[in-house]
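Engineer: Number 226 marks the last residue of the sequence shown (the working numbering); no jumps.
If you scroll down you'll find the structure; I have some questions about it.
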Amino acid sequence: MKLMIDDAHIEQIKKIYEFYPVDGVTTNPSILYKVGRKPFEVLKEIREFIGENSEMHVQATAETAEGMVEDAKYILEQLGENTFIKIPAIQEGFKAMKILHRENMKFTATAIYTPMQAFLAAKAGASYTAPYVNRLDNLGYDGVQVAKDIHDIFCENDFDTEVLAASFKNSQQILELCKYGVGAATVAPDVIFSLVKNKVVESAVDDFISDFTKLVGEGKTMKDC
Ligand code: E4P
Numbered sequence: 002m003k004l005m006i007d008d009a010h011i012e013q014i015k016k017i018y019e020f021y022p023v024d025g026v027t028t029n030p031s032i033l034y035k036v037g038r039k040p041f042e043v044l045k046e047i048r049e050f051i052g053e054n055s056e057m058h059v060q061a062t063a064e065t066a067e068g069m070v071e072d073a074k075y076i077l078e079q080l081g082e083n084t085f086i087k088i089p090a091i092q093e094g095f096k097a098m099k100i101l102h103r104e105n106m107k108f109t110a111t112a113i114y115t116p117m118q119a120f121l122a123a124k125a126g127a128s129y130t131a132p133y134v135n136r137l138d139n140l141g142y143d144g145v146q147v148a149k150d151i152h153d154i155f156c157e158n159d160f161d162t163e164v165l166a167a168s169f170k171n172s173q174q175i176l177e178l179c180k181y182g183v184g185a186a187t188v189a190p191d192v193i194f195s196l197v198k199n200k201v202v203e204s205a206v207d208d209f210i211s212d213f214t215k216l217v218g219e220g221k222t223m224k225d226c
């Protein structure tokens, strides 16, 4: 399962890239709003830092299919290779998806709340579809199960489309999808950090260091012995 950062704060992205194995960055208009700077200033900064080996997923914001396609072309022009255009899975969006597919532009169907939206997006040629796990949970549905159902639909129908599960609030939701082998998950920085932060783990490592210090002396490590 690929792991992406669902954020646009460059400092957070740099920190996560420094420590963890991640595959790219996804944004949406609300995420860009939270940064509060000019969208392409921020997005280009991210692209420059992560390089073209990492994926970037950036949303078209026009409300018509033709407008979404124009947005897509502009985004690709600005951000280059390995950029996926996020297209909302609404009626105009499906029309845009068919055009993007014909013109060989890669896209991620977003705002997925139902497996049928995902099925149609896969038929329209989506590389990824993004079910909103936690938002589904908040509506009283089972977000993890919806993402699993979509994964199954893709396998059963031999689609090349992958699930890019989104909208997580805890590591359990991510773990369930990891175990199921979905294609990718995009996760906000605070949840990524919480995947590892655990007092029991920290205490176990502290005990090792403390015992070793008693053995060889303060500040010494294996290389000093
Ligand atoms: C993904 O495509 C969405 O933009 C995003 O992950 C939604 O996450 P949220 O529910 O935390 O806003």
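Even glycine gets a Cβ: it sits at the ideal position worked out from N, Cα and C.
Write down the C-beta distance between S55 and V26 rounded to the nearest angstrom, noting that I regard them as a contact closer than 8 Å.
Structural biologist: In the sequence shown, counting from the first residue as 1, residue 55 sits at position 54. In the sequence shown, counting from the first residue as 1, residue 26 sits at position 25. Rounded, the Cβ-Cβ distance is 7 Å, consistent with contact.
Engineer: For the region 125–144 against the region 159–169, do three or more pairs of beta-carbon atoms, one drawn from each stretch, fall closer than 8 Å, so that the two count as touching?
Structural biologist: yes
Engineer: Apart from the five residues just before and just after S195, which ones in its own chain have a Cβ nearer than 8 Å to its Cβ?
Structural biologist: The residue you call residue 195 lines up with position 194 of the sequence shown. Hits under 8 Å: N171, S172.
Engineer: CB A148 to CB M106, shorter than 7 Å?
Structural biologist: Here residue 148 refers to the residue found at position 147 when the sequence shown is read from its first residue. Here residue 106 refers to the residue found at position 105 when the sequence shown is read from its first residue. Against a cut-off of 7 Å, the Cβ pair of M106 and A148 comes out as no contact.
Engineer: Give me, in chain order, the residues of the same chain whose beta-carbon lies closer than 8 Å to that of C179; leave out the 5 immediate sequence neighbours on both sides.
Structural biologist: Mapped onto the sequence shown, residue 179 falls at position 178. M2, A186.
Engineer: Taking the alpha carbon of A90 as the point to measure from, which residue in L77, P116, A122, K15 has its own alpha carbon closest?
Structural biologist: Within the sequence shown, the letter at position 89 stands for residue 90. Checked all of L77, P116, A122, K15; the closest Cα to A90 is A122.
Engineer: In angstroms, rounded to a whole number, what distance separates the CA positions of A112 and A97?
Structural biologist: Walking along the sequence shown from the start, residue 112 turns up at place 111. Walking along the sequence shown from the start, residue 97 turns up at place 96. Taking the straight line from one Cα to the other gives about 15 Å.
Engineer: Rounding to the nearest angstrom, what Cα-Cα distance links H152 and K221 in this structure?
Structural biologist: Counted from its first residue, the sequence shown places residue 152 at position 151. Counted from its first residue, the sequence shown places residue 221 at position 220. Cα to Cα, the separation comes out at about 50 Å.
Engineer: Applying the criterion that 16 or more other CB atoms from any shown protein chain within 10 Å of the CB defines a buried residue, is P116 buried or exposed?
Structural biologist: Your numbering for residue 116 matches position 115 in the sequence shown. Its Cβ being crowded by 16 or more others within 10 Å, P116 is buried.
Engineer: Apart from the five residues just before and just after A125, which ones in its own chain have a Cβ nearer than 8 Å to its Cβ?
Structural biologist: Within the sequence shown, the letter at position 124 stands for residue 125. Around A125: F95, M98, K99, H102, A110.
Engineer: Excluding the 5 residues flanking D212 on each side, which residues of the same chain have their C-beta closer than 6 Å to its C-beta?
Structural biologist: Stepping through the sequence shown from its first residue, residue 212 is reached at position 211. Same-chain partners within the cutoff: there are none.
Engineer: Can you tell me whether DSSP reads K149 as helix, strand or coil?
Structural biologist: By one-based count along the sequence shown, residue 149 stands at place 148. In the structure shown, K149 sits in a helix (DSSP, three-state: H, G or I).
Engineer: Looking at R136 and ligand 1, is the gap between the Cβ and the nearest heavy atom below 6 Å?
Structural biologist: Here the question's residue 136 lines up with position 135 in the sequence shown. Yes, since a heavy atom of ligand 1 falls inside the 6 Å radius drawn around the Cβ of R136.
Engineer: Would the region 11–31 count as touching the region 198–217 if we require 3 or more Cβ pairs under 8 Å?
Structural biologist: no
Engineer: Would you call the CB atoms of V145 and Q174 closer than 7 Å?
Structural biologist: In the sequence shown, counting from the first residue as 1, residue 145 sits at position 144. In the sequence shown, counting from the first residue as 1, residue 174 sits at position 173. A contact, by the Cβ cut-off of 7 Å.
Engineer: Run the proximity test for T111: is its beta-carbon closer than 6 Å to any non-hydrogen atom belonging to ligand 1?
Structural biologist: Here residue 111 refers to the residue found at position 110 of the sequence shown. Result yes, Cβ under 6 Å from ligand 1.
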